[in-house]
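If you want this note's numbering, it's the 1-based position in the sequence shown plus 5.
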Amino acid sequence: IWIVNLALSNATLGIWSAWAKVRNRAYILGNTSIDGRPFGYHARGLQVLLARLVVVAFLAGAYVVSLVSPVVSGIVGVLVLLAMPWLINRGLRFNAVMTSWSTVRFGFRGSYWPGLVVFVVYPFLSIVSLGLFLPYATRATKRYTIGGHRLGVSDFTFTSGMAPFWFAFFQVVACIVAGILVLVAIGAAGIAIFSGQMEFPPAHSAWMTVVLLVALFALFPFSMLYAAFLRNAIYAGTTLENGHRFHSAISPALYVWIIVSNAAAVACSLGMLLPWARIRMARYLCARTWLIPAGSLDDIIDEARSRETAVGDAWMDLDGIDVGAAV
């Protein structure tokens with residue numbers, strides 16, 4: 006699948022990448038199951054391509070208009086920012102309705118104003134607060150995205166206190182502080198070795214540049230560490246209608262190791278090991294994730310299907326557009 010997608014994407018100057026995304030997602034979900042009941046992905050490549058063309062045309066038009074003057078550029082920037090919640094909601098809705106489990110489709114019922122708060126206002130507050138608002142923003146985002154999803158007609162809910170989010174936040178902050186101290190020590194030692202003195206001579210600024218670059222690259226695994234710490238708490242706080250619960254038991258350290266080692270393997274193989282890396286991560290996450298039903302799985306399916314209609318299925322095929330938003 007990967008080799009064919011790569012060849013056709015190159016041959017068509019990227020146009021095939023829309024179909025490639027559908028084939029990749031359909032393969033992964035088609036081989037993922039709960040108690041033998043598989044997931045499915047039902048999007049079509051043309052839907053993804055048309056949605057991408059719409060988004061590209063919108064952004065290109067916004068860029069051209071912004072060249073008129075700085076004032077117009079600022080107005081266009083604000084308009085693009087205000088459009089983001091709508092685009093993200095559409096992407097979440099598309100990916101949800103095009104995904105199924107045991108032939109029952111998922112759905113998403115987000116709205117613009119709550120989306121504006123969690124996708125625009127809260128990230129801004131997280132930045133101006135130097136990250137202190139991040140735990141609140143993360144919980145609010147998860148409550149909005151998870152609570153907006155449903156399986157058939159059965160709604161998901163997310164309830165969790167702030168303790169897991171603060172725990173994850175301070176764990177990562179502690180790791181970052183420790184990493185900074187180590188990098189500072191390495192930088193100082195390098196300067197001392199090269200110059201013979203514990204000073205910072207301009208001639209050795211290249212050494213410090215290397216240290217700073219290492220620090221920047223280190224932020225990536227730290228962000229993954231934050232996500233890993235939260236994943237278990239997020240699944241623990243998620244329920245499906247009528248008491249069906251979820252459980253996740255990933256190891257944050259192992260999760261980050263898989264990401265880093267996957268990236269190294271892909272880089273060293275010039276991309277040839279990318280399919281292996283994706284399957285490796287998918288297998289680990291699936292093996293450490295559980296559904297804890299309040300009754301039989303047949304009851305879950307029957308509940309989800311109880312009020313489904315053919316009109317609803319048709320709407321699923323017509324309504325959503327894919328803008329690349331991840332669920």
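Glycine included, C-beta positions come from ideal geometry on N, C-alpha and C.
Just how far apart, CA to CA, sit residue i and residue j?
i           : j           : result
residue 24  : residue 32  : 12 Å
residue 109 : residue 296 : 16 Å
residue 16  : residue 10  : 10 Å
residue 52  : residue 99  : 10 Å
residue 138 : residue 294 : 29 Å
residue 129 : residue 241 : 28 Å
residue 30  : residue 157 : 20 Å
residue 12  : residue 20  : 11 Å
residue 69  : residue 83  : 15 Å
residue 236 : residue 166 : 14 Å
residue 36  : residue 251 : 20 Å
residue 233 : residue 286 : 13 Å
residue 258 : residue 238 : 16 Å
residue 113 : residue 283 : 26 Å
residue 50  : residue 57  : 11 Å
residue 63  : residue 76  : 19 Å
residue 118 : residue 92  : 13 Å
residue 300 : residue 248 : 9 Å
residue 60  : residue 186 : 43 Å
residue 140 : residue 54  : 35 Å
residue 208 : residue 189 : Reliability of the predicted coordinates at residue 208 is poor, the pLDDT of 48 falling under 50, and the value obtained from them is presented with this limitation in mind. Those two C-alpha atoms are separated by around 18 Å.
Quickly, what does DSSP pair residue i with across the bridge? List them, please.
i           : result
residue 99  : Per DSSP, none; premise fails for residue 99.
residue 106 : 44, 109
residue 155 : 112, 160
residue 22  : Residue 22 pairs with nothing; no bridge assigned.
Could you give the residue range of the alpha helix (DSSP H) that holds residue i?
i           : result
residue 250 : Not the alpha helix (DSSP H): residue 250 falls in the beta strand (DSSP E), residues 249-253.
residue 150 : 139-152
residue 275 : Premise fails: residue 275 is in no alpha helix (DSSP H) and is neither H nor E.
residue 71  : 50-71
residue 120 : 117-121
Over the uninterrupted beta strand (DSSP E) stretch that includes residue i, give me the two end residues.
i           : result
residue 297 : 294-297
residue 161 : 159-163
residue 245 : 243-245
Whose C-beta lies closer than 6 Å to the C-beta of residue i among residues of the same chain, with five residues either side of it excluded?
i           : result
residue 22  : 14
residue 123 : 145, 146, 149
residue 245 : 159, 161
Are residue i and residue j touching if we call contact CB-CB under 8 Å?
i           : j           : result
residue 161 : residue 243 : yes
residue 81  : residue 71  : yes
residue 271 : residue 230 : no
Going along the chain, which residues of its own chain have a beta-carbon closer than 8 Å to the beta-carbon of residue i, five neighbours each way excluded?
i           : result
residue 227 : 177, 180, 181, 184
residue 86  : 125
Between which residues of its own chain and residue i is the CB-CB distance below 7 Å, once the five residues before and five after are set aside?
i           : result
residue 28  : 6, 10
residue 298 : 249, 305
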